[in-house]
Ligand SMILES: Nc1ncnc2c1ncn2[C@@H]1O[C@H](COP(=O)(O)OP(=O)(O)O)[C@@H](O)[C@H]1O
Ligand SMILES: [Mg+2]
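Chains as they are written, first to last, in full-length UniProt numbering: chain D, 1 to 356; chain U, 1 to 277.
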């Protein structure tokens, strides 16, 4: 007994076991949310029966094919990826800025990506034919990525001196960037035609209604690549929590890590914004809840944030489709209604620490 | 051997270190002393490669500025004068980050983190959040983290080095002694220790070699008995300092004589403190 007790690793203060169990729980939650999402909707269709047909090797009925494969499944896949991308972007950005209040949506990165996307939607027609042919369906996601990247870079430059980020500067710079991007977007709206205008309005509130396999084929790989890239960031972000100098002393190539983090945030946020518009608060609420539950170790925080973000957004999408069915709410409204109070609660709890 | 020749650091338009020579040997504790703003922290940051410096720099034969961060991390650990933590890690998690930076993982990292915590008397605090510790406890947790990174005083590349910037400034006396023992043990086992200190008596008990800085230059370097003398210290610290020799155990006590500070603004009769951080 004594030998066993001595051989066992110290457990006081060790939250890795809890984090691993949380990962398993979140996987189950994601599956449940996915099932519920496929089963929910205006059209009558039995998921069990459709699966039964697939299992027996029979083709789906036309009705099942259209409702499940062409409408609900791309929407589910988009919801999962966008939710994961937003939550992971938030966690990475918070690690990069060394601050739990950083969020792509709050500090203008989402607005920058939005400006990029709107520019591409409205002015895309003016691209030289050769360039348009080259970028094709990638134009909007690429423009969103560039917009998000520029915004992240500007924000980092403005708010960080010698590796220290000022919260006040970051939030205020975020407001300014958001306002600037909003104004530029407003200008573009003047030149938009009626169809573009309808697209823009709905898109601006954030929605998964426009999800399609075509859009996902472009934005999906960008989000997946960006999220996979963050696996290499986890150790660096842990070190960065101790400060830039300490991270370097612990063997982390800090500058390279920061560049990679900014690219990942811009890629994930940009692609998410390109397919679904501005969906707020996922990036701040999800990592915050997980840090409370299992601690800030990014090796667990990042994958768990992807899972919780995915299931949360899919859940919000189910709500947005069922509350006023057969009409639907923009999902951005649902996440804001759920997320904004949580954000305020975080601010209240941090009152003493947040010296602006 | 850690050697710097003609080390010059300019920050902005100011020259902070001005052609400084520095030497430290593995197996020894080298203590850097000097008044506030004399460049102690800047010297540490230049020696560890944190900031750019002109001049020659050699860590056991290689220029540390040419090494990759992870190569350097295996050779030396650095405890900064001021340290913050952005997220609510537990004490154990913080120390384990050090063990992992030193190349350990899994159970080995846990075991080393536990041992490092014991070494600074923080075993019982492993599960607490670092951000909720007192200043002195945080300093000891940081020391444990750095120690866990370069736990073995000698590695395949040669001796390992501990850089400690004011490691005991916020500690009570017993924990100051514990940290001094830790530094001495590390050196006796073949590692090198370079520490910035303010307490000159404590410096005398631990230092194999003392380097005295004044306005970005090393004005004296050598064994304690050579450097910690009134004639050497007084012009630098600008007050009278009595150096008293005790016999049991043999040690030096360096203590300021009240009312002798000649700093601008020091009124006669007002006791000046020579120990401010
Ligand atoms: N980043 C910086 N820019 C300009 N001056 C600096 C900077 N860092 C330190 N200094 C100045 O260099 C001098 C030495 O600082 P430091 O090495 O921190 O002193 P200490 O010996 O107290 O550790 C001080 O006058 C300080 O104001
Ligand atoms: Mg200093």
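C-beta atoms are modelled at their ideal positions from N, C-alpha and C, and glycine is treated no differently.
Owing to the predicted nature of the structure, the values given are computational and were not obtained by experimental measurement.
Give the straight-line distance between the Cα atoms of residue i and residue j, rounded to the nearest whole angstrom.
i, j, result
"residue 137/U", "residue 145/U", "12 angstroms"
"residue 36/U", "residue 234/U", "15 angstroms"
"residue 59/U", "residue 245/U", "35 angstroms"
"residue 325/D", "residue 67/D", "16 angstroms"
"residue 169/D", "residue 154/D", "12 angstroms"
"residue 174/D", "residue 54/D", "49 angstroms"
"residue 289/D", "residue 95/D", "15 angstroms"
"residue 270/D", "residue 85/U", "30 angstroms"
"residue 232/U", "residue 200/U", "13 angstroms"
"residue 272/D", "residue 211/D", "11 angstroms"
"residue 116/U", "residue 11/D", "15 angstroms"
"residue 252/D", "residue 191/D", "48 angstroms"
"residue 172/U", "residue 252/U", "20 angstroms"
"residue 357/D", "residue 298/D", "Lying before the first or after the last residue shown, residue 357/D is absent from chain D, which here runs from 1 to 356."
"residue 200/D", "residue 135/U", "53 angstroms"
"residue 175/U", "residue 111/U", "22 angstroms"
"residue 278/U", "residue 142/U", "Look at the range of chain U in this structure, 1 to 277, and you will see that residue 278/U is not part of it."
"residue 16/D", "residue 256/D", "27 angstroms"
"residue 57/D", "residue 33/D", "26 angstroms"
"residue 51/U", "residue 83/D", "40 angstroms"
"residue 260/D", "residue 189/U", "40 angstroms"
"residue 24/U", "residue 191/U", "11 angstroms"
"residue 336/D", "residue 262/D", "25 angstroms"
CB of residue i to nearest heavy atom of ligand 2: below 7 angstroms?
i, result
"residue 278/U", "No answer is possible for residue 278/U: the residues shown for chain U start at 1 and end at 277."
"residue 48/U", "no"
"residue 196/U", "yes"
"residue 203/U", "no"
"residue 81/U", "yes"
So does residue i have its beta carbon nearer than 7 angstroms to some heavy atom of ligand 1?
i, result
"residue 206/U", "no"
"residue 39/U", "yes"
"residue 8/U", "no"
"residue 16/U", "yes"
"residue 42/U", "yes"
"residue 12/U", "yes"
"residue 34/U", "yes"
Here's a check: name, in chain order, each residue in its chain whose Cβ is nearer than 6 angstroms to the Cβ of residue i, leaving out the five neighbours to either side.
i, result
"residue 293/U", "The question about residue 293/U has no answer here: the residues shown for chain U are numbered 1 through 277."
"residue 49/U", "64, 65"
"residue 140/U", "120, 122"
"residue 77/U", "146, 149, 150, 162"
"residue 81/U", "41, 165, 166"
"residue 7/D", "Residue placement at residue 7/D is poorly supported in this model, since its pLDDT is 42, which falls under 50; the coordinates are not used for a value here."
"residue 208/D", "75, 78, 79, 276, 317, 331"
Can you give me the Cβ contacts of residue i inside the same chain, cut-off strictly under 7 angstroms, excluding the 5 residues immediately before and after it?
i, result
"residue 88/U", "129, 131"
"residue 262/U", "238, 239"
"residue 103/D", "90, 93, 283, 284"
"residue 303/D", "23"
"residue 36/D", "318"
"residue 108/D", "151, 155, 174, 177, 178, 181"
"residue 184/U", "29, 206"
"residue 114/U", "none"
Using a Cβ-Cβ cut-off of 8 angstroms (strictly less than) and excluding sequence neighbours within five positions of residue i, which residues of its own chain qualify?
i, result
"residue 155/U", "74, 75"
Does at least one heavy atom of ligand 4 sit under 7 angstroms from the Cβ of residue i?
i, result
"residue 161/U", "This structure does not include ligand 4; its bound ligands are ligand 1 and ligand 2."
Legend entry - Those runs of the alpha helix (DSSP H) which lie wholly inside the stretch 171-198 of chain U and span at least 4 residues: 173-188
Legend entry - Chain-ordered residues of the stretch 283-307 of chain D with a beta carbon less than 8 angstroms from chain U: 291, 295, 296, 297
Legend entry - Contained alpha helix (DSSP H) runs [length at least 4] in the stretch 145-208 of chain D, N- to C-terminal order: Correct list: 167-191, 194-205.
Inset, instruction - With a floor of 4 residues, list each alpha helix (DSSP H) that falls wholly inside the stretch 45-78 of chain U, ordered by position along the chain. - result: 69-75
Legend entry - Minimum length 4: unbroken alpha helix (DSSP H) runs contained in the stretch 219-260 of chain D: 234-240, 244-249
Legend entry - Sequence ranges, beta strand (DSSP E) only - wholly within the stretch 127-165 of chain U, length at least 3: 161-165
Legend entry - Near-chain U residues of the stretch 239-263 of chain D (beta-carbon distance less than 7 angstroms), N- to C-terminal order: Under the 7 angstroms Cβ criterion, the stretch 239-263 of chain D contributes 239, 241, 242, 243, 245, 246, 248, 249, 250, 251, 252, 253.
Inset, instruction - May I ask you to list, following chain order, the residues of the stretch 79-109 of chain D that have a beta carbon less than 9 angstroms from some beta carbon of chain U? - result: Within the stretch 79-109 of chain D, 94, 95, 97, 98, 99, 100 place their CB atoms closer than 9 angstroms to a CB of chain U, listed in sequence order.
Inset, instruction - Return the residues of the stretch 182-195 of chain U that lie within a Cβ-Cβ distance of less than 8 angstroms from chain D, sorted by chain order. - result: none
Legend entry - Near-chain D residues of the stretch 140-161 of chain U (beta-carbon distance less than 9 angstroms), N- to C-terminal order: 142, 145, 146, 149
Inset, instruction - Anything in the stretch 36-66 of chain U with a Cβ closer than 7 angstroms to a Cβ of chain D? List those residues in chain order, please. - result: 48, 50
Inset, instruction - Mind listing, in chain order, the continuous beta strand (DSSP E) runs of no fewer than 3 residues lying wholly within the stretch 225-266 of chain U? - result: Runs of the beta strand (DSSP E) lying entirely within the stretch 225-266 of chain U, each at least 3 residues long, are 241-247, 250-256 in chain order.
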